[in-house]
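Visitor:
Dropping the structure here:
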């Protein structure tokens with residue numbers, strides 16, 4: 001099978017896998033992931049040079065808005081763009097279930113190949129841009145990074161997340177008990193997503209950082225998401241509420257610490273566009 005990651009194939013894969021994706025979000029390991037992302041985003045420094053408190057937030061490939069709807073709940077304006085109409089409908093439904101201000105939420109069914117990314121109304125750029133778990137599905141992630149930086153206002157913040165290739169190897173060998181698979185993954189350029197079924201590139205954080213700098217932004221924070229739970233093979237243990245609570249506390253303590261952040265399931269970069 002070809003390793004091509006064509007935009008159409010990714011769109012179809014996500015629409016077909018929408019139900020599986022929503023089910024994944026309810027798993028203990030997904031709950032740890034989202035707890036870490038929420039904590040990291042909640043501690044971002046105030047965006048400088050603003051005379052108002054309401055931020056314009058763009059969630060690129062934001063699916064059902066789990067990462068960005070908390071900003072809507074906090075009173076900010078949120079735009080979610082995605083190529084899955086199914087998942088965008090779920091974002092609207094989630095906002096309505098939560099009684100959130102629909103006037104501050106915009107969703108756009110949009111191909112990520114469309115250029116440029118949409119600007120906020122009456123502004124030179126977005127205060128905060130999220131692009132989580134998207135770059136590895138792109139054949140040219142540096143190109144999208146360039147557009148993400150360009151869409152961020154000077155002094156604004158960009159958050160990037162992608163799977164960490166290091167954990168592919170460790171999880172295969174330790175959690176799955178398959179050292180041969182770990183060895184095969186060591187230098188593999190791609191792998192197939194278990195949940196979505198689409199091929200994805202194995203992106204090293206350092207390579208994406210280079211693209212961020214080339215596009216005119218600085219990396220201000222490096223984090224690792226899920227260092228411990230992805231090495232545990234006992235799924236029943238992961239569903240124990242007390243074990244999960246204590247593990248989440250540990251994950252929160254490890255996410256910014258070297259060397260733990262460097263082997264976690266996902267890497268996250270917080271970037272600031274240069275003034």
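Numbering (the UniProt record's numbering), first residue to last: 1 to 275.
All residues carry an ideal CB built from backbone N, CA and C; glycine is no exception.
Taking the C-alpha atoms as reference points, what is the distance between residue 175 and residue 183?
Guide: So the alpha carbons of these two residues sit roughly 14 Å apart.
Visitor: Provide the residue span of the beta strand (DSSP E) that contains residue 134, from first to last.
Guide: Where residue 134 is concerned, there is no enclosing beta strand (DSSP E), given that its DSSP letter is neither H nor E.
Visitor: Could you pull the start and end residues of the beta strand (DSSP E) that residue 124 belongs to?
Guide: Neither: residue 124 is in no beta strand (DSSP E) and is coded neither H nor E.
Visitor: If we ignore side chains and look at the alpha-carbon of each, how far apart do residue 88 and residue 80 end up?
Guide: C-alpha separation (whole angstroms): 8 Å.
Visitor: Which term fits residue 63, buried or exposed, when burial requires 16 or more other beta carbons within 10 angstroms of its beta carbon?
Guide: The residue in question, residue 63, is buried, as its Cβ has 16 or more Cβ neighbours within 10 Å.
Visitor: So residue 185 packs on residue 198, CB below 8 Å; how close in whole Å?
Guide: About 17 Å separates the two Cβ atoms, so there is no contact after all.
Visitor: Could you have a look at residue 74 and say whether DSSP puts it in helix, strand or coil?
Guide: It is coil, neither helix nor strand.
Visitor: Residue 165 and residue 204 look like a contact to me (Cβ under 8 Å); what is the Cβ gap, rounded to whole Å?
Guide: The Cβ separation is near 6 Å, so the contact holds.
Visitor: Taking one C-beta from the region 96-105 and one from the region 148-156 each time, how about it: are there three or more such pairs within less than 8 Å?
Guide: No: the two stretches stay apart, fewer than three of their Cβ pairs being nearer than 8 Å.
Visitor: Since I believe residue 217 is in contact with residue 149 (beta carbons under 8 Å), could you give me their beta-carbon distance rounded to a whole number of angstroms?
Guide: Indeed they touch by this definition, with Cβ atoms about 5 Å apart.
Visitor: Helix, strand or coil, according to DSSP, for residue 50 in the structure here?
Guide: Below a pLDDT of 50, predicted positions are generally treated as unreliable, and residue 50, at 44, falls in that range; no measurement from the model is reported.
Visitor: I'd like the span of the alpha helix (DSSP H) that includes residue 33, first residue to last.
Guide: That run of the alpha helix (DSSP H) goes 28-42.
Visitor: So, with DSSP's three-state summary, where would you put residue 141?
Guide: Residue 141: helix per DSSP, three-state reduction.
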